[in-house]
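Peer 1: I'd like to ask some things about the structure below.
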Amino acid sequence: MFYPGAGRPEATATTRLVNDRSRPATSVGIVQADRGRSVHPIKLVSLPVGSSRRLRMLWVGRALLCGWARRLRGVLDGLDAIAWGELSHAYGSAHDTPGMLRQAGSENSEVASEAISYLRGSIFHQGTVYPATVTAVPFLAELAAGAADRRAEFVWMLGMLADDRHAYGDAFVRVRAAVTGQLQLLVALLDDADPQVREAAAYATAKAGVTAEPLWRRWAVEDDSAARATLALALGEVDSAAAETVLGDAALHGNPQVRVAAAVALLRAGLDWPAGTISALVAAIDDDAAVTWAWARGAEWSEEIVAAPSTQVAVAVLERMLRSGNPRTRKSGLWALSTRCDAQRSAPPVFVPLVAPLLDDPDPDVRGRVMDVLRQGGAAARQFADVVADVAGRFPDTAGERGFTVEYRSVETLQRLGDPRWVEPVCAAAARGHQFRFMPGAVRFTPEVLAAVRGSGRPPGTATARSSGRPLEQAVRRPSPRPTRHTDGGANRAAQPRNHRLRRPVRPPDHPGTPSRRDNPRLGRTSRPRRPLRREQLRG
3 MFYPGAGRPE
13 ATATTRLVND
23 RSRPATSVGI
33 VQADRGRSVH
43 PIKLVSLPVG
53 SSRRLRMLWV
63 GRALLCGWAR
73 RLRGVLDGLD
83 AIAWGELSHA
93 YGSAHDTPGM
103 LRQAGSENSE
113 VASEAISYLR
123 GSIFHQGTVY
133 PATVTAVPFL
143 AELAAGAADR
153 RAEFVWMLGM
163 LADDRHAYGD
173 AFVRVRAAVT
183 GQLQLLVALL
193 DDADPQVREA
203 AAYATAKAGV
213 TAEPLWRRWA
223 VEDDSAARAT
233 LALALGEVDS
243 AAAETVLGDA
253 ALHGNPQVRV
263 AAAVALLRAG
273 LDWPAGTISA
283 LVAAIDDDAA
293 VTWAWARGAE
303 WSEEIVAAPS
313 TQVAVAVLER
323 MLRSGNPRTR
333 KSGLWALSTR
343 CDAQRSAPPV
353 FVPLVAPLLD
363 DPDPDVRGRV
373 MDVLRQGGAA
383 ARQFADVVAD
393 VAGRFPDTAG
403 ERGFTVEYRS
413 VETLQRLGDP
423 RWVEPVCAAA
433 ARGHQFRFMP
443 GAVRFTPEVL
453 AAVRGSGRPP
463 GTATARSSGR
473 PLEQAVRRPS
483 PRPTRHTDGG
493 ANRAAQPRNH
503 RLRRPVRPPD
513 HPGTPSRRDN
523 PRLGRTSRPR
533 RPLRREQLRG
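Per my numbering: the sequence shown = residues 3 to 542.
Right, dumping it as structure tokens:
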């Protein structure tokens with residue numbers, strides 16, 4: 003409970019909660035506000051031991067309210083007139099939302115940050131929106147215009163709430179309509195004194211359905227690079243036909259952040275890049291220019307400049323990125339290459355060969371990304387098998403290291419290619435006592451691989467089995483193992499051979515006494531990672 007304190011300041015610069023650890027039953031603290039060198043106690047807080055941080059924030063926020071409630075009184079009018087308890091968000095009843103909205107407008111940056119984080123998790127939970135979100139939108143807009151701190155965060159949130167790439171759920175249509183209802187306020191923020199607010203406002207207005215005129219008006223006078231970049235993206239979305247010439251010039255001659263944004267805006271609008279754009283774009287990426295995260299359309303924004311264009315343009319972009327002197331640019335290019343190959347089955351034969359110059363890259367992270375590309379490249383990676391095998395030969399020396407080393411990736415690449423040269427280094431690592439696991443189903447047991455496994459002595463993967471590996475080892479080593487039924491034993495044994503013939507186009511079992519896999523307790527769940535090996539051997 004709260005007890006009035008003395009010296010209650012009207013405004014606070016910083017706030018802290020001082021705990022009295024000498025009392026076992028409760029956690030007692032004085033919320034103090036620093037004004038210059040003087041410390042003014044505001045409230046005495048008595049909380050149960052073990053109170054959650056959320057509960058502490060609620061109490062601290064309530065105490066802080068005395069300092070800045072007057073500032074927010076005009077901003078959040080009507081907040082208490084809403085039956086928030088009858089609305090819902092991700093955690094159930096939205097009764098706590100008004101308190102969090104008030105704290106989000108705090109002059110104390112830490113308190114505001116905690117409250118904004120909670121709002122993102124409750125009314126905008128991992129992209130899902132709720133009935134409480136609809137009602138909160140007008141208050142978020144008021145905070146965007148009048149909060150003491152972090153106004154740009156509210157503007158970004160409003161834009162994302164209206165963006166179907168970020169928001170979804172049964173209430174999305176109503177939430178987007180609520181954001182559109184705040185368009186006039188958002189347009190006014192295009193001229194805000196804070197450039198971070200202007201940057202966010204260009205995004206939010208574009209998602210809220212702004213017309214082109216306010217964007218063009220701001221483009222003519224905007225001098226902040228980040229705000230100008232997001233204006234370029236907004237113009238490409240709202241008025242692409244009229245913006246083609248302007249965006250083309252910006253893609254060639256703007257500062258790095260604007261060049262990147264303009265190139266992406268042209269790409270999204272389906273407009274051709276003018277000559278010279280690729281070199282200008284990659285030079286901007288070398289300078290660490292990027293598209294703001296809210297505008298991105300993927301895990302990494304750079305995926306789009308390789309995944310979206312025609313094959314000819316994408317190859318040209320990748321060739322330039324992979325030749326860059328900046329290792330971050332090379333890694334971004336490899337990531338984008340993987341994305342293109344994942345999206346199109348026809349892509350690996352075209353794009354995987356582009357990694358050849360990076361096989362001996364001086365940067366170990368780049369070499370690791372190259373091996374990731376080859377591991378996922380399928381048959382297109384076969385031309386690099388000799389290089390991969392050389393790297394895999396070092397696996398015994400790195401098998402004990404944490405994480406997925408480039409040697410581990412190279413072994414997996416050979417396994418996926420059905421190349422037997424992974425067997426010897428894996429067996430050598432096992433002989434040194436290293437325990438490891440590979441992805442189930444990733445190993446191709448070609449005749450060459452099986453011959454290498456049988457000739458290696460103890461089959462890899464069985465030496466460290468938690469259950470007895472002897473039946474499995476015998477099956478692997480035996481040239482012609484007895485077939486095992488894929489059906490269970492029991493009352494229906496007589497029907498199993500016929501059922502087997504009907505269901506599987508392989509030689510049916512001709513040994514009535516042969517057990518099924520489930521009949522043999524020694525081939526249970528612990529051998530699951532070795533099922534591909536077992537399956538090939540048990541079929542004969």
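From the three backbone atoms N, C-alpha and C, an ideal C-beta is built for every residue, glycine too.
Report the option in Pro-422, Gly-300, Pro-398 and Gly-250 whose CA atom is closest to the CA atom of Ala-430.
Peer 2: Nearest of Pro-422, Gly-300, Pro-398 and Gly-250 to Ala-430, Cα basis: Pro-398.
Peer 1: Given this structure, state the Cα-to-Cα distance separating Gly-327 from Asp-290, to the nearest angstrom.
Peer 2: About 13 Å.
Peer 1: Is the number of C-beta pairs between the stretch 167 to 181 and the stretch 191 to 202 that are closer than 8 Å three or more?
Peer 2: Taking 8 Å as the limit for Cβ pairs, the verdict is that the stretch 191 to 202 does not touch the stretch 167 to 181.
Peer 1: Helix, strand or coil for Val-223? Go by DSSP, reduced to three states.
Peer 2: Looking at Val-223 - three-state DSSP - the assignment turns out to be coil, as it is neither helix nor strand.
Peer 1: Taking buried to mean at least 16 other C-beta atoms within 10 Å of its own C-beta, is Arg-153 buried or exposed?
Peer 2: Flag for Arg-153 reads buried.
Peer 1: May I ask which residues mark the beginning and end of the alpha helix (DSSP H) holding Glu-306?
Peer 2: First-last of the alpha helix (DSSP H) with Glu-306: 306 to 309.
Peer 1: Measure the C-alpha to C-alpha separation of Ala-92 and Pro-329 and round it to an integer number of angstroms.
Peer 2: Going from the Cα of Ala-92 to the Cα of Pro-329 covers about 41 Å.
Peer 1: Straight-line CA distance for Ser-115 to Gln-259?
Peer 2: So the alpha carbons of these two residues sit roughly 27 Å apart.
Peer 1: From the DSSP output, read off the bridge partner residues of Tyr-170.
Peer 2: The partner list for Tyr-170 (beta bridge, DSSP) reads Thr-130.
Peer 1: In this structure, how does DSSP classify Thr-91 when only helix, strand and coil are distinguished?
Peer 2: According to the sequence displayed, residue 91 carries His and not Thr. In this structure, His-91 counts as strand in the three-state DSSP scheme.
Peer 1: Helix, strand or coil, according to DSSP, for Pro-366 in the structure here?
Peer 2: It is helical.
Peer 1: Shortest alpha-carbon distance to Asp-365 belongs to which of Gly-123, Thr-331 and Arg-456?
Peer 2: The shortest C-alpha separation from Asp-365 is found at Thr-331.
Peer 1: Per the contact definition of three or more C-beta pairs closer than 8 Å, is the stretch 372 to 392 in contact with the stretch 345 to 357?
Peer 2: A contact exists between the stretch 345 to 357 and the stretch 372 to 392.
Peer 1: Look at the Cβ atom of Leu-268, then the Cβ atom of Gly-250, and state whether they are nearer than 9 Å.
Peer 2: Yes, these two residues count as a Cβ contact at 9 Å.
Peer 1: Assuming Arg-167 and Asp-193 form a contact by the criterion Cβ under 8 Å, report the distance between their Cβ atoms to the nearest whole angstrom.
Peer 2: At roughly 27 Å, the Cβ-Cβ gap does not stay under 8 Å, so Arg-167 and Asp-193 are not in contact.
Peer 1: Can at least three beta-carbon pairs, one atom from the stretch 416 to 436 and one from the stretch 445 to 461, be found at a separation below 8 Å?
Peer 2: Judged by Cβ distances under 8 Å, the stretch 416 to 436 makes contact with the stretch 445 to 461, as three or more pairs qualify.
Peer 1: If we count the other Cβ atoms within 10 Å of its Cβ and call it buried at 16 or more, is Glu-403 buried or exposed?
Peer 2: Classification of Glu-403: exposed, given that the 10 Å Cβ count is below 16.
Peer 1: Is it right to say Ala-277 is buried, meaning 16 or more other beta carbons lie within 10 angstroms of its own, or is it exposed?
Peer 2: When all chains shown are included, Ala-277 counts as exposed.
Peer 1: Do you know offhand how far Arg-342's Cα is from Ala-401's?
Peer 2: Rounded to whole angstroms, Arg-342 to Ala-401 spans 31 Å at the Cα level.
Peer 1: Tell me which same chain residues have a C-beta within less than 7 Å of the C-beta of Ala-282, skipping the five on either side of it?
Peer 2: Ala-253, Leu-254 and Arg-261, listed in sequence order.
Peer 1: Mapping the DSSP letters down to three states, classify Ser-412 as helix, strand or coil.
Peer 2: Helix.
Peer 1: Between which two residues does the alpha helix (DSSP H) holding Asp-392 run?
Peer 2: Here the alpha helix (DSSP H) through Asp-392 covers 387 to 394.
Peer 1: At the 9 Å Cβ level, is Leu-217 part of the contact set with chain B, yes or no?
Peer 2: No chain B appears in the structure shown, which is made up of a single protein chain.
Peer 1: Let me make sure I understand the geometry here. Which of Ala-286, Asp-344, Met-162 and Tyr-170 has the alpha-carbon closest to that of Gly-211?
Peer 2: For Gly-211, the nearest C-alpha among the options comes from Met-162.
Peer 1: Just the C-alpha distance for Ile-287 and Trp-337, rounded to the nearest angstrom, thanks.
Peer 2: Using only the alpha carbons, I get a separation of about 14 Å.
Peer 1: Please report how far the alpha carbon of Glu-475 lies from the alpha carbon of Gln-437, in whole angstroms.
Peer 2: Annotation note: pLDDT 48 at Glu-475 (below 50); position unreliable, no value reported.
Peer 1: Around the C-beta of Gly-94, are 16 or more other C-beta atoms found within 10 angstroms, so that it is buried, or is it exposed?
Peer 2: Burial call: exposed.
Peer 1: Which residues mark the beginning and the end of the alpha helix (DSSP H) in which Gln-346 is found?
Peer 2: Where Gln-346 is concerned, there is no enclosing alpha helix (DSSP H), given that its DSSP letter is neither H nor E.
Peer 1: Quick one: Cα of Phe-141 to Cα of Leu-78, how far?
Peer 2: Their backbone Cα atoms lie some 6 Å apart in a straight line.
Peer 1: Can you give me the start and stop residues for the alpha helix (DSSP H) that Arg-122 sits inside?
Peer 2: Note, Arg-122: alpha helix (DSSP H), 111 to 124.
Peer 1: What distance in whole Å lies between the Cβ atoms of Arg-446 and Arg-411, which are believed to be in contact at a cut-off of 8 Å?
Peer 2: Actually they are not in contact, since the Cβ atoms of Arg-411 and Arg-446 sit about 16 Å apart, beyond 8 Å.
Peer 1: To which residues of the same chain is Ala-206 closer than 6 Å at the C-beta, ignoring the five residues directly before and after it?
Peer 2: Val-157, Leu-160, Gly-161 and Leu-188.
Peer 1: If you reduce the DSSP assignment to three classes, tell me which class Gln-259 lands in.
Peer 2: If DSSP states are grouped into helix, strand and coil, Gln-259 belongs with the helices.
Peer 1: Suppose you measure from the CA of Ala-228 to the CA of Gln-385; what does that come to, to the nearest Å?
Peer 2: Straight-line Cα distance between these residues: approximately 44 Å.
Peer 1: For the alpha helix (DSSP H) that contains Gly-161, what are its first and last residues?
Peer 2: Gly-161 -> alpha helix (DSSP H) spans 153 to 163.
Peer 1: So Lys-333 packs on Asp-367, CB below 8 Å; how close in whole Å?
Peer 2: About 6 Å separates the two Cβ atoms, so the contact holds.
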